[in-house]
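> In full-length UniProt numbering, the protein residues as written are 1 to 247. Every residue gets a Cβ at the ideal spot worked out from N, C-alpha and C, and that includes glycine.
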């Protein structure tokens, strides 16, 4: 079942790339030379300044609090993705693992599915069943276009981080089942998995804003539990080479 060696790690560069889509976009921006950490800080600044400015311009301070929480979670997700990417690429790992994690782009598929489900809930399901739909509670009976546009932009970013987190945990579980690592590599992989767990727990910041929204509460809570459980199982089942140094 376990493979003591993984010769494919010495193969040529992965065909499908070894970065998240997020990292590829940042690196491809013409005329802009930002490190990944600078890009994260710029993202946080742009989103949060926009949230506060629109709250002031449209008198939406209740929405600003929820928006700030969403920006915070997205920022933690950005940091987690950077650290997961850097930590993974710094190790001598099987090519198939890196291809599956980065090159498959499954996190984008998960993002699209999650975002469509969220939009359907906010604009169809919730208004039909709730006395006070969430969008109305945040933006009023006749929401202005620009604040709603910003909300959707932040939610897309948030869905992308969550999709990447879920995919990273699933691939980590497959990795632990499929390969054997030396003690040092296993220790670093556990740290990478812990970063994913930390991002999952950070999403609990959103809970106070959806306590009276059972569908959203179940979705967020279920995701946090699933990512935490899968990542912890991946950490516990990492197979270390005989004679290797345990973490």
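If we ignore side chains and look at the alpha-carbon of each, how far apart do residue 248 and residue 139 end up?
The question about residue 248 has no answer here: the residues shown for the chain are numbered 1 through 247.
> Taking 8 Å as the cut-off, decide whether the C-beta atoms of residue 171 and residue 91 are in contact.
Numbered from its first residue, the chain shown carries residue 171 at position 171. Numbered from its first residue, the chain shown carries residue 91 at position 91. For residue 171 and residue 91, no; Cβs fall outside 8 Å.
> From 207, 235 and 234, pick the residue whose C-alpha is nearest to that of residue 65; which is it?
As a position in the chain shown, residue 65 is number 65, starting the count at 1. Nearest option by C-alpha distance: 207.
> Ignore the nearest five residues each way along the sequence and tell me which others in residue 98's own chain have a CB closer than 8 Å to its CB.
Residue mapping note: residue 98 aligns to position 98 of the chain shown, counting from 1. Answer for residue 98: 14, 18, 88 and 89, listed in chain order.
> When you compare only the Cα positions, how much space is there between residue 189 and residue 124?
Within the chain shown, residue 189 is the residue found at index 189, counting from 1. Within the chain shown, residue 124 is the residue found at index 124, counting from 1. About 42 Å.
> Leaving out the 5 sequence neighbours to the left and right, which residues in its chain are closer than 6 Å to residue 67 when beta-carbon positions are compared?
As a working mapping, residue 67 is identified with position 67 in the chain shown. 51.
> Would you check if the stretch 113 to 131 and the stretch 201 to 218 touch, i.e. whether three or more CB-CB distances between them fall below 8 Å?
Yes, since at least three Cβ pairs between the stretch 201 to 218 and the stretch 113 to 131 fall closer than 8 Å, the two stretches touch.
> Rounded to the nearest angstrom, how far is the Cβ of residue 228 from that of residue 200, given a contact under 8 Å?
On the chain shown, residue 228 is found 228 positions in, with the first residue counted as 1. On the chain shown, residue 200 is found 200 positions in, with the first residue counted as 1. About 5 Å separates the two Cβ atoms, so the contact holds.
> Looking at the secondary structure, which residues open and close the alpha helix (DSSP H) in which residue 125 lies?
Here residue 125 corresponds to residue number 125 of the chain shown, with the count starting at 1. Taken as a continuous stretch (DSSP letters only), residue 125 belongs to no alpha helix (DSSP H), as it is neither H nor E.
> Using only alpha-carbon positions, find the residue among 202, 143, 145 and 240 that is nearest to residue 176.
As a working note, residue 176 is residue 176 in the chain shown. The shortest Cα separation from residue 176 among 202, 143, 145 and 240 belongs to 240.
> Of all the alpha helix (DSSP H) runs that stay within the bounds of the stretch 71 to 105, which reach a length of 4 or more residues?
95 to 98
> Assuming residue 44 and residue 75 form a contact by the criterion Cβ under 8 Å, report the distance between their Cβ atoms to the nearest whole angstrom.
Reading the chain shown from its first residue, position 44 is the one you call residue 44. Reading the chain shown from its first residue, position 75 is the one you call residue 75. That belief holds up - the Cβ atoms of residue 44 and residue 75 are roughly 5 Å apart, short of 8 Å.
> Just to confirm my understanding: we take residue 226, look at its own chain, exclude 5 residues before and 5 after, and list those with CB closer than 8 Å. What are they?
Working through the chain shown from its first residue, we reach residue 226 at position 226. Once the five neighbours on either side are set aside, the close Cβ partners of residue 226 are 166 and 169.
> Find out if the Cβ-Cβ distance for the pair residue 217, residue 159 is shorter than 8 Å.
As a position in the chain shown, residue 217 is number 217, starting the count at 1. As a position in the chain shown, residue 159 is number 159, starting the count at 1. The criterion of a C-beta distance shorter than 8 Å is not satisfied by residue 217 and residue 159.
> By Cβ distance below 7 Å, which residues in the same chain neighbour residue 193 in space, the five residues on each side in sequence not counted?
Here residue 193 corresponds to residue number 193 of the chain shown, with the count starting at 1. Within the same chain, Cβ atoms closer than 7 Å to the Cβ of residue 193 are found at 172, 231, 234 and 235, the five residues on either side in sequence being excluded.
> Who are residue 239's beta bridge partners in DSSP?
Locating residue 239 in the chain shown gives position 239, counting from the first residue. When beta bridges are read from the DSSP output, residue 239 appears opposite 180.
> Output needed for residue 86: all residues of its chain with C-beta closer than 8 Å, excluding positions within five of it in sequence on either side, in chain order.
Position 86 of the chain shown holds residue 86. Correct list, in chain order: 36.
> For a test of the three-state rule: what should DSSP assign to residue 246, helix, strand or coil?
Working through the chain shown from its first residue, we reach residue 246 at position 246. Low local confidence applies: a pLDDT of 43 at residue 246 is under 50, so the model's placement there is unreliable, with the coordinate-based value given in what follows. The DSSP-derived three-state label of residue 246 is coil.
> Could you check how far apart the C-beta atoms of residue 122 and residue 134 are, in whole angstroms? I think they sit under 8 Å.
Here residue 122 refers to the residue found at position 122 of the chain shown. Here residue 134 refers to the residue found at position 134 of the chain shown. Contact holds; Cβ gap of about 6 Å.
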